[in-house]
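In what follows, a single structure is set out as structure tokens and then discussed.
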């Protein structure tokens, strides 16, 4: 695979940079006579190549790769030099350069000390050096302020000189970048510095989820640490002069393509340079939020709560944007703080002209509808005009008040300081309804004190919310906008929904009971006069009792249904405690194992398992406790008489969290049929071997008879004839031996899983089935190029392929050769680097649409009972899906081959190396 990767990179290199070749012949006009003479004399230069400084300079199977390598190859081709790469660790490469063993080194930083000996080119790449640390480190890092932190450095790298200027820093040495990342991830070091692009490349490639690129390195010693150069010894400066001229003649478009190729898919540069510098200087952004506006926002012990809290968490997760909360106690205070500059950002500002004049606003990121909440006996309205002369309440300091007064002058508006105040006015009947946002209405309606209220109307225009930034911080507006843009709309919708769909927590309300007692007392005093009211109350109580009886009846019915399923199910069912002792069981489970109730109660579940099945049972029950269930795993149990019973088991954690429900399906007969199917396949294969052996046995017999006949006739036998006949016999004997090996591998009961080649398993299957295919005049068209190494069982996977090929063969046998030629097309295709697709297609006219969805069912067959068990494709499905975690499906395909149209069944098998067994 590594060689294939290198080949692909080489092809991309050729195609990507072919456009620049036309400049080579014209380049010499820029060179001096001395430079031309140098090139004519030199021909080949020796150049440095590191093992693992990805993506700049590294090696795979002896092939030099990376950004610097690609650039140097372009320059070398332009100036007509061949490059011989010398691959060693960095310190050895530096020593070789100083000793004159190599001509050129690249991907090197410039320093005053190095300039004493080396001659540097113009910089060919400007990098940005950043501190690399763990995500839980939220400090703005500076070397001068480090005390107890452990700093990772590499011997001979220029970073060592920078860190040496700060004796307070504790240095720990590592050989390369990857080893520093590993140490940082495991907590062995706290910080190191590196080029941001290269660090991002490694973090994403190797999956370091707890590591981040922090702030930029701003120390003065870093001035030359952010540029990459070519360098030679000073006596070789003419080579640098030539490379500088070649670099100046490379097109900008070509350099952009080169950078995009190596860095384009890795960078996550949300902010530009000025924005990044702004954030580096500013530790946190000051923010105010509206209090008492749940679930949108609130402040609890100096912590933000609600929808805004989750959105701010997303901003930190995406771009490490941190905010400092400035607490306020009201809407008015929040606006005052924003006006005075005590706050820089307000996350929930209405997107309106009035606010745009006062603040810089981001684009709207929340659209929240306004609703009216009133008493449960109020009718739903579709237009506010229906509330003519009614009084509604609205929280002050919202632009909604002005819009209502302008559009609905007939409605009386009462301003309140909080949502609670407005809802209390609704309950008391002082206002008809309270207008608020839909999430807020849902949130308060879930509280028991407001559960009697309901939503009685909705306004057409929603409230568009954006983030407001004070006018004096224009750069901050761009930062906030770009940060919001990193959150998908679907994520914001999910956050709003999570806070809107609040679970109703009922609290016992004893005030209702008190009111009922008072009513009863009054009824007793008033007697007959209140009889009608008493009667209505009794009817309501009767209705509640009827509902209660109905619920109890349903519970009893469900209990009876469960007990019926438990007792009379054909599958075995048992209830276990956490020590795996049997608490209860049904008759099917006892019948399956042959135990009496008294006998099985004295046993634990683990005691009835066969010896080989006990190893991983503790991990299985641990998974049940963690996930609540585990289904469809196979175990061999031992019955009372020692009989081995193959079972398919599902275990579920019961609702009381103290017992386990076990269901077991007896798979013994199915396993027997699978074994019979395997024996049938073996029988068919023996027939195939018989076909395969006829020709080689004929050759051996003919060769031996020829020699024998000549000997009997006393003819002289030439040594060449003996050698020829012997070679023929040896060749055919080796072929017979190979067929025996194929058969032995096929029947081997090897259930171990290891790394296997899908391509090899497929080719072995074709080889096994080839004789039967040829004897039925079927042509196999192979296009098997792509391969994938997966964790699996080679014999099982081969069995799955053979079953599908045999199915195609049997289908093609039904078609006369006079009608059409018989073909089976077998191919492989890489879907991506982790997934391979195998396709087996025949021209047998396809499968009937009414049965195509059933062909993977056990025992389903369209063949005569004498030639079909109905388990072949079912076994293939089980091997692919359950044992190799792949996918298999079939469909009818119409296609053209050799200008003739055909129709056949196409089986698609998808396997992935990420699906570890």
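Residue numbers (mature numbering (1 follows the signal peptide of the UniProt record, and there is no 0)): -18 to -1, 1 to 899. Just so you know, even glycine gets a beta-carbon here, dropped at the ideal spot from N, CA and C. Since the structure is predicted, the reported quantities are computational estimates derived from the model, not experimental observations.
(1) Kindly indicate which three-state DSSP category residue 528 falls into: helix, strand or coil?
(2) Identify every residue that forms a DSSP beta bridge with residue 739.
(3) For residue 126, is the classification buried or exposed, using 16 other Cβ atoms within 10 angstroms of its Cβ as the cut-off for buried?
(4) For my contact list, residue 421 and residue 328 are in at a C-beta cut-off of 8 Å; report their separation, rounded to the angstrom.
(5) Assess, as a yes-or-no matter, whether the region 113 to 122 is touched by the region 185 to 193 under the definition of 3 or more beta carbon pairs within less than 8 Å.
(6) Does the distance from the CB of residue 829 to the CB of residue 889 come in under 8 Å?
(7) Given residue 425, which residues of its chain have a CB within under 8 Å of its CB, disregarding the five upstream and five downstream residues?
(8) If you draw a straight line from the alpha carbon of residue 357 to that of residue 438, how long is it in whole angstroms?
(9) Taking residue 215 as the reference, give the member of 173, 28 and 135 with the closest Cα.
(10) Check whether the Cβ atoms of residue 622 and residue 575 sit closer than 8 Å, and answer yes or no.
(11) Run through DSSP, which three-state label would residue 884 get?
(12) If you compare alpha carbons, which of 580, 579 and 617 is closest to residue 597?
(13) One question on the structure: do residue 446 and residue 296 come within less than 8 Å of each other, judged by their Cβ atoms?
(14) Whether or not the region 227 to 242 and the region 56 to 66 are in contact is what I'm after, with contact meaning three or more pairs of Cβ atoms, one per stretch, closer than 8 Å; do they touch?
(15) Between residue 635 and the rest of its own chain, which residues show a CB-CB distance below 7 Å, the 5 nearest in sequence each way excluded?
(16) Three-state secondary structure (DSSP) at residue 240?
(17) What does the alpha-carbon distance come out to for the pair residue 630 and residue 649?
(18) Just to check my reading of the structure: residue 38 and residue 111 have Cβ atoms closer than 8 Å, yes? What is that Cβ distance to the nearest angstrom?
(19) Pull up the DSSP beta-bridge partners for residue 138, would you.
(20) Can you list, in chain order, the stretches of the alpha helix (DSSP H) that have 4 or more residues and sit fully within the region 34 to 95?
(21) Measuring only the C-alpha atoms, how far is residue 843 from residue 837?
(22) Name the DSSP beta bridge partners of residue 901, please?
(23) Looking only at C-alpha atoms, which of 348, 827, 757 and 500 sits nearest to residue 479?
(24) Need the endpoints of the beta strand (DSSP E) that residue 821 sits in, please.
(25) Quick test of your reading: residue 154 and residue 169, contact by CB under 8 Å. State the CB separation rounded to the nearest angstrom.
(26) Quick check: what's the CA-CA separation for residue 19 versus residue 221?
(27) Taking 8 Å as the cut-off, decide whether the C-beta atoms of residue 527 and residue 549 are in contact.
(28) Would you decide whether residue 804 is buried or exposed? Buried here means 16 or more other CB atoms lie within 10 Å of its CB.
(29) With a threshold of 8 Å, are at least 3 pairs of Cβ atoms found where one atom belongs to the region 370 to 387 and the other to the region 399 to 408?
(30) Mind checking residue 462: buried by the 16 CB within 10 Å criterion, or exposed?
(31) With residue 918 as the anchor, note down where its alpha helix (DSSP H) starts and where it stops.
(32) I'd like to check one pair, residue 473 with residue 903: are the Cβ atoms closer than 8 Å?
(33) Distance, Cα to Cα, residue 84 vs residue 102?
(34) Hey, is the region 788 to 800 in contact with the region 767 to 777, meaning 3+ C-beta pairs nearer than 8 Å?
(35) Can you tell me whether DSSP reads residue 333 as helix, strand or coil?
(36) Exposed or buried, residue 877, counting other C-beta atoms within 10 Å across all chains shown (16 or more means buried)?
Taking the coordinates as given:
(1) Helix, per DSSP.
(2) In DSSP, residue 739 forms a bridge with 771.
(3) Residue 126 should be labelled exposed.
(4) With a beta-carbon spacing of about 18 Å, residue 421 and residue 328 fall beyond the 8 Å limit used to define contacts.
(5) A contact exists between the region 185 to 193 and the region 113 to 122.
(6) In terms of Cβ geometry, residue 829 and residue 889 do not form a close pair [threshold 8 Å].
(7) If we look at residue 425 and ignore the five residues flanking it on each side, its Cβ neighbours are 276, 277, 481, 482 and 484.
(8) About 8 Å.
(9) Closest option to residue 215, judged by alpha-carbon separation, among 173, 28 and 135: 28.
(10) The answer is yes: Cβ separation under 8 Å.
(11) Strand at residue 884.
(12) Of the listed residues, the one whose Cα sits closest to residue 597 is 617.
(13) No.
(14) Pairwise C-beta distances place the region 56 to 66 in contact with the region 227 to 242, as three or more of them are shorter than 8 Å.
(15) Here the set comprises 606, 607, 610, 611 and 642.
(16) The answer is helix: DSSP assigns residue 240 an H, G or I state.
(17) Each residue's alpha carbon lies about 6 Å from the other.
(18) Not quite, the Cβ-Cβ distance comes to about 13 Å (not below 8 Å), so this is no contact.
(19) For residue 138, which the question treats as bridged, DSSP gives no partner whatsoever.
(20) Within the region 34 to 95, the complete alpha helix (DSSP H) runs of at least 4 residues are 49 to 61 and 72 to 80.
(21) Spanning the alpha carbons of residue 843 and residue 837 requires a straight line of approximately 7 Å.
(22) The displayed coordinates of the chain run from -18 to 899. Any statement about residue 901 would go beyond what the structure contains.
(23) Relative to residue 479, the option among 348, 827, 757 and 500 whose CA is nearest is 348.
(24) Start and end: 817 to 824.
(25) Cβ atoms of residue 154 and residue 169 stay farther apart than 8 Å, at about 12 Å.
(26) Each residue's alpha carbon lies about 11 Å from the other.
(27) Against a cut-off of 8 Å, the Cβ pair of residue 549 and residue 527 comes out as no contact.
(28) With at least 16 other beta carbons inside 10 angstroms of its own, residue 804 counts as buried.
(29) Yes, since at least three Cβ pairs between the region 370 to 387 and the region 399 to 408 fall closer than 8 Å, the two stretches touch.
(30) Note on residue 462: 16 or more other CB atoms within 10 angstroms of its CB, so buried under the neighbour-count rule.
(31) What the structure shows of the chain is the stretch from -18 to 899, and residue 918 is not part of that stretch, so it cannot be assessed.
(32) Residue 903 lies beyond the stretch modelled for the chain, which goes from -18 to 899, so this question has no answer here.
(33) When rounded, the distance between both Cα atoms is 15 Å.
(34) No, they do not touch.
(35) Here residue 333 sits in coil by DSSP.
(36) By the neighbour-count definition (other C-beta atoms within 10 Å, threshold 16), residue 877 is an exposed residue.
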